[in-house]
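If you read the sequences in order, they're chains A and B.
The opening position of the first sequence corresponds to residue 1 in the numbering used here, with each subsequent residue numbered one higher.
The opening position of the second sequence corresponds to residue 230 in the numbering used here, with each subsequent residue numbered one higher.
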Amino acid sequence: MIQLENVCRRYDGADTEVLRNLDLQVGRREFVSIVGRSGSGKTTLLNLIGGLDRAYEGLVQVEGRRLGELDDSELAAYRNLRVGQVFQAYHLLDHLSCRENVALASLFARGRERRDAAWARRRADEVLAGVGLPDAGGRAPSTLSGGERQRVAIARALFHRPAILLCDEPTGNLDTETGREVVELLLGLHLEGEVTIVAVTHDTAISAAGGRVLHLVDGRLEERGGAAG
Amino acid sequence: MRHWKHFAAASVGIILGVAALIFFLGLGLRVRDLLLVQVFPSEYLEVVPRSVDLDLFALRVDLGRDTLDSAALEELSAIPGVDVVYPKMRLTVPALASGGTSLFGAGMQTEIVADGIDPGLVTEEVGEAFHEVDGDPESPARPCKRDGDCGEGSYCDRVAGVCKPYIPVLVSPYVVELYNGAFRRAYGLPKINPDALRGLSFEMAFGASTFRPSESTVIRERMRLVGISDKAIPLGVTLPLGHVRSLNAALGSPEAGERYHSAVLGVGAKEMLPAVVEAVEAAGLEVRDRGARRAALVTAVMMAVLGLVGAALITVAAAHIMHVFFLVVMVRRREIGLLRAVGARRGDIRNLLLAEAAAVGLVSGLVGSLAALTVAVVADGFAASRVPDFPFKPESFFAFPPWLFISVIALAVGAAVVGALPSALRAAAGDPSEALAGR
Numbered sequence: 001m002i003q004l005e006n007v008c009r010r011y012d013g014a015d016t017e018v019l020r021n022l023d024l025q026v027g028r029r030e031f032v033s034i035v036g037r038s039g040s041g042k043t044t045l046l047n048l049i050g051g052l053d054r055a056y057e058g059l060v061q062v063e064g065r066r067l068g069e070l071d072d073s074e075l076a077a078y079r080n081l082r083v084g085q086v087f088q089a090y091h092l093l094d095h096l097s098c099r100e101n102v103a104l105a106s107l108f109a110r111g112r113e114r115r116d117a118a119w120a121r122r123r124a125d126e127v128l129a130g131v132g133l134p135d136a137g138g139r140a141p142s143t144l145s146g147g148e149r150q151r152v153a154i155a156r157a158l159f160h161r162p163a164i165l166l167c168d169e170p171t172g173n174l175d176t177e178t179g180r181e182v183v184e185l186l187l188g189l190h191l192e193g194e195v196t197i198v199a200v201t202h203d204t205a206i207s208a209a210g211g212r213v214l215h216l217v218d219g220r221l222e223e224r225g226g227a228a229g
Numbered sequence: 230m231r232h233w234k235h236f237a238a239a240s241v242g243i244i245l246g247v248a249a250l251i252f253f254l255g256l257g258l259r260v261r262d263l264l265l266v267q268v269f270p271s272e273y274l275e276v277v278p279r280s281v282d283l284d285l286f287a288l289r290v291d292l293g294r295d296t297l298d299s300a301a302l303e304e305l306s307a308i309p310g311v312d313v314v315y316p317k318m319r320l321t322v323p324a325l326a327s328g329g330t331s332l333f334g335a336g337m338q339t340e341i342v343a344d345g346i347d348p349g350l351v352t353e354e355v356g357e358a359f360h361e362v363d364g365d366p367e368s369p370a371r372p373c374k375r376d377g378d379c380g381e382g383s384y385c386d387r388v389a390g391v392c393k394p395y396i397p398v399l400v401s402p403y404v405v406e407l408y409n410g411a412f413r414r415a416y417g418l419p420k421i422n423p424d425a426l427r428g429l430s431f432e433m434a435f436g437a438s439t440f441r442p443s444e445s446t447v448i449r450e451r452m453r454l455v456g457i458s459d460k461a462i463p464l465g466v467t468l469p470l471g472h473v474r475s476l477n478a479a480l481g482s483p484e485a486g487e488r489y490h491s492a493v494l495g496v497g498a499k500e501m502l503p504a505v506v507e508a509v510e511a512a513g514l515e516v517r518d519r520g521a522r523r524a525a526l527v528t529a530v531m532m533a534v535l536g537l538v539g540a541a542l543i544t545v546a547a548a549h550i551m552h553v554f555f556l557v558v559m560v561r562r563r564e565i566g567l568l569r570a571v572g573a574r575r576g577d578i579r580n581l582l583l584a585e586a587a588a589v590g591l592v593s594g595l596v597g598s599l600a601a602l603t604v605a606v607v608a609d610g611f612a613a614s615r616v617p618d619f620p621f622k623p624e625s626f627f628a629f630p631p632w633l634f635i636s637v638i639a640l641a642v643g644a645a646v647v648g649a650l651p652s653a654l655r656a657a658a659g660d661p662s663e664a665l666a667g668r
């Protein structure tokens, strides 16, 4: 499903590589947690898998497609349809309603995936109900609690029924109880659906819930109690 | 459009530029119409070939054409707003005029220039007295020995011994002014009443000159002054066009009878005058009409200057838009990163920002247009109530044709889009992960 081989990533002006000859294999419907210190490159790793960062060396292949070889349009379609992304800071647009935030991806769908606005509204409400917010569609994100906002962000990521869900510190801004609810939501999605989840976290609740836990150390991944993934 | 404060700041420059451009161009258009339609109300424009002269020592070489042919006349007839075209033909052979004993007490002889005009051009001024003589019922077949043997409008050509019609001629008021001014004083002659000139007859010898001996036949005919018109040649006499055409063909060449040196355009709808002047100049010709041409020139320069001022304002506004959109993109970099993360292509981001800029330009253009209209209404109200009446004082000092708004608003949209383009391209080219990180 997800395959990274010998991946290196160095930021401009940095002395060392944040990812160094990193290898990773994630199978279909796996739940993988990646843990590591701040600045260890966890978000960078998610950005590579999510097609947000192309300044790397090595191979990043998802569902058999080498992301480095996709052009801008193909990569945009990949982000639009195949991968959903959840961010620590939610990144909801406050001038839009929750429904509009969730349906944002529909604006950029093309070809056969392009659907009308009525469908997008219905689908947004359906996904919002799926994350436990059936009545939040017309509300502004600013009126929601942190946990609810993250649920809306998760709903946005699930809008196009992606094959992969990438979560970057999804509970990082939440209190313990709210974080636990979000973890349960992610776990539920994993158990009931076809989605593969890769979550970067400091939260032991997530790493405890997930199937595999990988440690990012010195730019490489190490499996808990064993070798690199 | 949630960044309305930024966009409002961006639009201020465009609103001012659009308002100034529409206000000044509206003012200029109205002043142009006033000058060309009311201050110089002539419904006639005299058109001449555009002169291209080269001074070479004592000589001036004419590099351009100096006549109009029938094709040029047809082209002029086709100009929208031109009701009728009256060609003018200059006499291309020398001529001597003699006579005047009854008026001056002594006979005079002088070289004289002449041209021919269509009698229809002056019918309203001088009536039917100025007419073509070809085909005149008073045919020259009647034998005679003295003028009394011929009817009214004819004289006795004693050499041929037959009656011939007087050739009606016109002179310009300028000729009368010149005579009553410097000329009569220099020669001690009496001042004359212009009305008394009508009916004056004199002889002209076409093809004759005191400068050089005649190379061809000399045609002697008697003229009768039938009127004074400012459409007559300023210094000389004006004959019926057909007669000049015949003289040029007979004494010059057949081609000389087909070439016109100018044409008078009848423009019934005076509001069409500016457009006709533009079309004439676009056809490579010049408008000789002194007032209208000068007014057209002055207003053209004025319009160009006002247009440049307005365009400069809009250019400054575009630079301002550039700065504002730079800030907008900075502030919205996370939002742009998010849009990329959910599937926006580079082109989508670019188009989104350019569409926002176009919307800013459109709204600013509409607001600026409204502002210009408002200021114009206030200015007209002030002029009506506070400015004393003066000749040609209009009810409104502004003309706002629809094309003016459409053009200026389109310019505003274009300026906003151009101003936003660098920021839009930079935002589209940015790395989404960097944008999401707020870098």
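Ideal placement from N, C-alpha and C gives every residue a C-beta, glycine not left out.
Close-in-space but distant-in-sequence residues of the same chain around residue i (CB under 7 Å, 5 per side omitted)
| i | result |
| --- | --- |
| Thr157 (chain A) | According to the sequence displayed, residue 157 (chain A) carries Ala and not Thr. Same-chain partners within the cutoff: Gly84, Gln85, Val86 and Leu165. |
| Thr176 (chain A) | none |
| Ala605 (chain B) | Phe252, Gly255 and Phe627 |
| Asp168 (chain A) | Thr43, Leu46, Val86, Phe87, Gln88 and Val200 |
| Gly513 (chain B) | Arg279 |
| Val362 (chain B) | Pro394, Ile396, Pro469 and His472 |
Contacting residues, own chain, Cβ-Cβ under 8 Å from residue i (five flanking each side not counted)
| i | result |
| --- | --- |
| Ala579 (chain B) | One detail in the question is off: residue 579 (chain B) reads as Arg in this sequence, not Ala. Answer for Arg579 (chain B): Ala653, Leu654, Ala656 and Ala657, listed in chain order. |
| Gly225 (chain A) | In this prediction, Gly225 (chain A) has a pLDDT of 48, which is less than 50 and means its spatial position is unreliable; what the coordinates show is noted afterwards. Counting only Cβ-Cβ distances below 8 Å, and skipping sequence neighbours, we find nothing. |
The ligand GTP heavy atom lying under 6 Å from the CB of residue i
| i | result |
| --- | --- |
| Thr171 (chain A) | Of the ligands one can find in the structure shown there are none, so the ligand GTP has no counterpart to examine. |
N- and C-terminal bounds of the alpha helix (DSSP H) containing residue i
| i | result |
| --- | --- |
| Ser430 (chain B) | Looking at the DSSP string, Ser430 (chain B) is not in any alpha helix (DSSP H); the run it does join, the beta strand (DSSP E), is Ser430 to Phe435. |
| Leu665 (chain B) | Pro661 to Leu665 |
| His202 (chain B) | Since the first residue shown for chain B is 230 and the last is 668, residue 202 (chain B) is missing from the structure and cannot be characterised. |
| Val322 (chain B) | No alpha helix (DSSP H) contains Val322 (chain B), which DSSP labels as neither H nor E. |
| His190 (chain A) | Thr176 to Glu192 |
| Arg562 (chain B) | Arg562 to Ala570 |
| Leu81 (chain A) | Asp72 to Leu81 |
| Asp125 (chain A) | Ala117 to Gly130 |
| Glu354 (chain B) | Thr352 to Val355 |
| Ser383 (chain B) | No alpha helix (DSSP H) contains Ser383 (chain B), which is instead part of the beta strand (DSSP E) from Ser383 to Asp386. |
| Glu303 (chain B) | Ser299 to Ser306 |
Burial state of residue i, where buried means 16 or more other Cβ atoms lie within 10 Å
| i | result |
| --- | --- |
| Leu470 (chain B) | buried |
| Thr467 (chain B) | buried |
| Gly39 (chain A) | exposed |
| Asp618 (chain B) | exposed |
| Asp135 (chain A) | exposed |
| Glu5 (chain A) | exposed |
| Val277 (chain B) | buried |
| Gly51 (chain A) | buried |
| Pro170 (chain A) | buried |
| Ile243 (chain B) | buried |
| Asp15 (chain A) | exposed |
| Thr339 (chain B) | exposed |
| Lys460 (chain B) | buried |
| Leu452 (chain B) | It should be pointed out that residue 452 (chain B) corresponds to Met in this sequence rather than to Leu. Met452 (chain B) is buried by the Cβ-count criterion. |
| Asp577 (chain B) | buried |
| Ile396 (chain B) | buried |
| Ala227 (chain A) | Residue placement at Ala227 (chain A) is poorly supported in this model, since its pLDDT is 36, which falls under 50; the coordinates are not used for a value here. |
| Gly229 (chain A) | Note on Gly229 (chain A): pLDDT 38, under 50, position unreliable in the model; the coordinate value appears next. Classification for Gly229 (chain A): buried. |
Nonlocal neighbours in the same chain, by C-beta distance under 6 Å from residue i, ignoring five residues either side
| i | result |
| --- | --- |
| Gly486 (chain B) | Arg474, Asn477 and Ala478 |
| Ala248 (chain B) | Gly597, Ala600 and Ala601 |
| Asn409 (chain B) | Lys420 |
| Met337 (chain B) | Gly329 |
| Phe634 (chain B) | Ser598 |
For residue i, the first and last residue of its enclosing beta strand (DSSP E)
| i | result |
| --- | --- |
| Leu274 (chain B) | Tyr273 to Pro278 |
| Gln150 (chain A) | Not the beta strand (DSSP E): Gln150 (chain A) falls in the alpha helix (DSSP H), residues Gly146 to Leu158. |
| Gly58 (chain A) | Glu57 to Val62 |
| Phe31 (chain A) | Phe31 to Val35 |
Contact set between the segment 67-82 of chain A and chain B, restricted to residues whose Cβ is under 9 Å from the partner: Asp72, Ser73, Leu75, Ala76, Ala77, Tyr78, Arg79, Asn80 and Leu81
Residues from the segment 561-581 of chain B in contact with chain A, defined by Cβ distance under 9 Å: Arg563, Glu564, Gly566, Leu567, Leu568, Arg569, Ala570, Val571, Gly572, Ala573, Arg574, Arg575, Gly576 and Asp577
Every unbroken alpha helix (DSSP H) within the segment 586-642 of chain B, with a cutoff of 4 residues, ordered by chain: none
Ordered list of alpha helix (DSSP H) runs contained in the segment 388-451 of chain B, each at least 4 residues: 402-407, 413-416 and 423-426
Segments of 3+ residues assigned as beta strand (DSSP E) that fall wholly inside the segment 491-549 of chain B: 491-495 and 514-516
Chain-ordered residues of the segment 234-253 of chain B with a beta carbon less than 8 Å from chain A: none
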